[in-house]
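Undergrad: These protein sequences, in sequence, are chains A and B. Residues in the first sequence are numbered consecutively from -12, following the working numbering. Residues in the second sequence are numbered consecutively from -12, following the working numbering. Ideal Cβ placement from N, Cα and C applies to all residues, glycine included. Keep in mind it's a predicted model, so treat the numbers as computed, not measured.
2 protein chains.
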Amino acid sequence: MRTHTDSVGVVIPQTVRFDSSISLASGVCLPGFELVYETYGALNDDASNAVLVCHALSGNHHAAGFHAPTDGVAGWWDNMIGPGKPIDTNQFFVVSSNNLGGCHGSTGPSSINSSTGQPYGSSFPLVTVEDWVRTQTMLADHLGIKCFAAVIGGSLGGMQALAWSYLFPHRIRHALVIAAASKLTAQNIGFNDVARQAILSDPDFHGGDYYQFGVVPSRGLKLARMLGHITYLSDDVMGARFGRLLQNGGINFGFGIEFEVESYLRYQGEKFSSSFDANTYLLMTRALDYFDPARLHDDDLSLALSEVRAKTLVVSFTSDWRFSPARSKEIVKALLDNGAQVSYAEIKADYGHDAFLLEGTYYHALIRNYMQRLMCQD
Amino acid sequence: MRTHTDSVGVVIPQTVRFDSSISLASGVCLPGFELVYETYGALNDDASNAVLVCHALSGNHHAAGFHAPTDGVAGWWDNMIGPGKPIDTNQFFVVSSNNLGGCHGSTGPSSINSSTGQPYGSSFPLVTVEDWVRTQTMLADHLGIKCFAAVIGGSLGGMQALAWSYLFPHRIRHALVIAAASKLTAQNIGFNDVARQAILSDPDFHGGDYYQFGVVPSRGLKLARMLGHITYLSDDVMGARFGRLLQNGGINFGFGIEFEVESYLRYQGEKFSSSFDANTYLLMTRALDYFDPARLHDDDLSLALSEVRAKTLVVSFTSDWRFSPARSKEIVKALLDNGAQVSYAEIKADYGHDAFLLEGTYYHALIRNYMQRLMCQD
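1. Which stretch, first to last residue, makes up the alpha helix (DSSP H) that contains K258 of chain B?
2. Among all the DSSP beta bridges, which residues are the ones paired with R4 of chain A?
3. Which of the three DSSP states is assigned to S98 of chain A in this structure?
4. Put Y357 of chain B into one of helix, strand or coil per three-state DSSP.
5. Check the DSSP bridge columns for Q199 of chain B and list the partner residues they point to.
6. Do you know whose CA, among B:Y24, B:W64, B:V(-2), B:D337, lies nearest Y56 of chain B's CA?
7. Any beta carbon from chain A within less than 7 Å of E117 of chain B's own beta carbon?
8. Contact between the region 248 to 268 of chain B and the region 296 to 315 of chain B: three or more CB pairs below 8 Å?
9. Could you tell me which of B:D6, B:V120, B:A136 sits nearest to W151 of chain B, measuring between CA atoms?
10. Just to make sure I have the definition right: I need the residues of chain A whose C-beta is within less than 7 Å of the C-beta of L143 of chain B. Which are they?
11. Any idea what DSSP makes of K298 of chain B, helix, strand or coil?
12. Residues of chain B with CB closer than 7 Å to the CB of Y277 of chain A, please, in chain order.
13. Kindly say whether Q174 of chain B, judged by its beta-carbon, lies nearer than 7 Å to any beta-carbon of chain A.
14. Along the chain, where does the alpha helix (DSSP H) that runs through F178 of chain B open and close?
15. Please list the residues of the region 144 to 172 of chain A that have a C-beta atom closer than 7 Å to any C-beta atom in chain B, keeping them in chain order.
16. Excluding five sequence neighbours on each side, which residues of the same chain lie with their C-beta closer than 6 Å to the C-beta of H351 of chain B?
17. Please compile the residues from chain B whose C-beta is within a distance smaller than 8 Å of the C-beta of G201 of chain A.
18. Whole angstroms is fine: what's the gap from N239 of chain A's alpha carbon to V15 of chain A's?
19. How would you label H161 of chain A, buried or exposed, when you count the other beta carbons within 10 angstroms and need 16 or more for buried?
20. So, using beta-carbon positions, are T195 of chain A and G108 of chain A closer together than 7 Å?
21. Quick check: is the beta carbon of F310 of chain A nearer than 7 Å to any beta carbon in chain B?
22. Rounded to whole angstroms, how far is the Cβ of G92 of chain B from the Cβ of T2 of chain B, which I believe are closer than 8 Å?
23. Would you call K258 of chain A buried or exposed, if buried means 16 or more other Cβ atoms sit within 10 Å of its Cβ?
24. Whose CA, out of A:L353, A:N66, A:S101, A:S142, lies closest to the CA of V116 of chain A?
25. Verify whether the separation of the beta carbon atoms of G88 of chain A and V114 of chain A is less than 7 Å.
26. Where are the alpha helix (DSSP H) runs, 4 residues long or more, that stay fully inside the region 282 to 326 of chain A, in chain order?
27. Mind listing the chain B neighbours of L210 of chain A? Cutoff is C-beta to C-beta under 8 Å, in chain order.
28. Measure from the alpha carbon of L130 of chain A to the alpha carbon of each residue in A:V(-5), A:L353, A:G241, A:A29, then state which is nearest.
29. Compare the Cα-Cα distances from Q234 of chain A to each of A:V224, A:G241, A:E245 and report the closest residue.
30. Going straight from the alpha carbon of Y219 of chain B to that of S45 of chain B, what length do you get?
31. If we count Cβ pairs, one from each stretch, closer than 8 Å, do we get three or more for the region 216 to 231 of chain A versus the region 182 to 192 of chain A?
32. How is the beta strand (DSSP E) around G140 of chain B delimited, first residue to last?
33. Taking only beta-carbon positions, decide if S303 of chain A is within less than 7 Å of chain B.
34. In whole angstroms, give me the CA-to-CA distance for Y133 of chain A and Y27 of chain A.
35. Please list, in chain order, the residues of the region 95 to 127 of chain B that have any C-beta partner in chain A closer than 8 Å.
36. What residue range is occupied by the uninterrupted beta strand (DSSP E) comprising S330 of chain A?
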């Protein structure tokens, strides 16, 4: 067992199977599915201290701690979740699940479809942010949680936190919507579509049924991740980290790696493409594209959020050009239009969109203070 | 013959062959090459009214007019060049060539290498902005032009105008450096590398020698162009043009075209990939990456520009996030450090980087006024 006093230590993922079918936003009915999840801390007697953490595009259920004492890398939000950390597991019971359609244990395109004995592949239905929230309520029921003290997420995870607040207003007391937006811009959708086209046009994609060919569309997924990475960072932080540094000191006049930034992006792309499922990447980017609670309310976000009862903390980062502060302010305005209780913080950060994953003095102090007051307020 | 009074009308491209070998920045010696070019207007007796227009990444020699009376589409800068237009062909003799390495008539990777009888393909050397400028001086010699009244370009074309001013200070009286930078940022290089990787990893690329296989890496080139397009436009203009408009009115839960912006980008990608050579695209993006006159001067741009004698107009566009106004100001500062005559205009424009290609009231008035005063000043 690891001895870090601020770590949740070694955690064992759990899996819950739901045998009842679920009707998805697409109209497709999924006859049962599994969710893999982790929990940190202890649920109190009246189940009032539960916090749901929602992951972003490439995340999973492993948000904190380690899977083995020898693990070198902790969960993706380990700097945020743990004993004494901003989301303090001495105080809260934290739940983190892999989204439906994922590739880390929850039922998804790479899972075996029991009715065929083959991976779902192209037959796996598209899911929406709202679908995810519905499956998360089923997990909450399973864990005996009627109402979350808070639902927290960054980026696509922030969209889930927001969706919780308008879909299940009586099951969430606080929403922490971080580095998110109520809908993607055309530019965002454009980037997503380039990423998808890279995967879809990879000859190893085989219409999504590559599993049975013993290949994966790794070229396409690598390109998608390289592109994504650029948009998660600010121009300034890329300049500070890489600038125009040359890999080998001089120019070689070729298409191999010349600049450090190329080395970094290609490495990130390679690593990701060997550990993530391309169909899940496609599905996740479409869920991002589709999310737009105002769409069915005459494009009026205030109307879409009129049922929200949760208190909301909206957080943005100054250098985030993928989900800019302006997008966060749209959420704040719509909540204020409804007289909802909302706090807004715009954190000065150089890092770009990925700042939500990093330890920042003011950022973590903000979340820590909000979470500490949260149990007293209610 | 077209009757537009402000058009240069039908133009016939010309080709010049240089049989003397040229030593490139890469160290490779190219034994002769051809440049295709167009001219508009008439050279005056003392050859003092010549203007060189340099093209950007996907451009070519066909900057103005039409190739046939039935042509529906004019040259790429037809709104700028013509009788009575900002670059007035009643006054100036305008020269526009396709860069060495191009795919529209000048010698490039898709040209036949006479020593093998096959397309150059992967054996075509990389060329730099400075190489292009040297070949352009050879074209000037051929045309009897000792000194250009102005060298003008946007984006990669602006880099060529800048390079003219420090490489051949006595052959250029004015440089118009529009929507350019003295070097790419890490983010720019990153985007270029994603585009290149899309092409290089396309199974139809065949190491650059796809011509002999009867295929072209169109999937990769399409992706490259889609990505490029997003970065040429501002987030705001994409929002205004496409927003979240759905192609078919509703969501279809699939990976086909859902949003208008996807339709636009895919169409642009398809069109480009059927008319441009992938090897040229690779070569052009590398020339962009490599351009950095300060590199051999201790990263001191002022030092790199110390020989500049030309008067310079630097123009940027407020919404250009690929070559932002801050990058243009670096050029202005370095020129001012040397006591050079430089004017700077930051044009308010919503369109993003591509604004340099469009007709803008203030933008065109600026260029028109600058060009009109230019002949009187000297």
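TA: Reading from the atomic positions:
1. 247 to 260
2. Paired residue(s): A:E21.
3. Here S98 of chain A sits in coil by DSSP.
4. helix
5. In DSSP, Q199 of chain B forms no bridge with anything.
6. In the sequence as presented, Tyr is not what sits at residue 56 of chain B; that position holds Pro. Relative to the Cα of P56 of chain B, the nearest Cα in the group B:Y24, B:W64, B:V(-2), B:D337 belongs to B:V(-2).
7. So, not an interface residue.
8. no
9. B:V120
10. Ordered by position in chain A, no residue passes the 7 Å Cβ test against L143 of chain B, which lies about 17 Å from the chain.
11. strand
12. Within 7 Å Cβ-Cβ: I238.
13. yes
14. 173 to 187
15. K170, T172
16. Taken in chain order, the residues that qualify are P73.
17. What G201 of chain A touches in chain B: nothing, since even the nearest Cβ is about 17 Å away.
18. Each residue's Cα considered, the two are about 53 Å apart.
19. Buried.
20. The question names Thr, but residue 195 of chain A in the sequence shown is Gly. Going by C-beta atoms, G195 of chain A is nearer than 7 Å to G108 of chain A.
21. no
22. 6 Å
23. exposed
24. Among A:L353, A:N66, A:S101, A:S142, the Cα nearest to that of V116 of chain A belongs to A:S142.
25. yes
26. Listed in chain order, the alpha helix (DSSP H) runs fully inside the region 282 to 326 of chain A are 288 to 291, 312 to 324, counting runs of at least 4 residues.
27. V181, Q184, A185, S188, L210
28. Here the closest residue by C-alpha is A:A29.
29. A:E245
30. 12 Å
31. Contact fails: fewer than three Cβ-Cβ distances are below 8 Å.
32. 137 to 141 is the span of the beta strand (DSSP E), which, as asked, contains G140 of chain B.
33. no
34. The sequence given here has Lys at residue 133 of chain A, not Tyr. Near 18 Å, if we compare the C-alpha coordinates of Y27 of chain A and K133 of chain A.
35. P112, L113
36. That run of the beta strand (DSSP E) goes 329 to 334.
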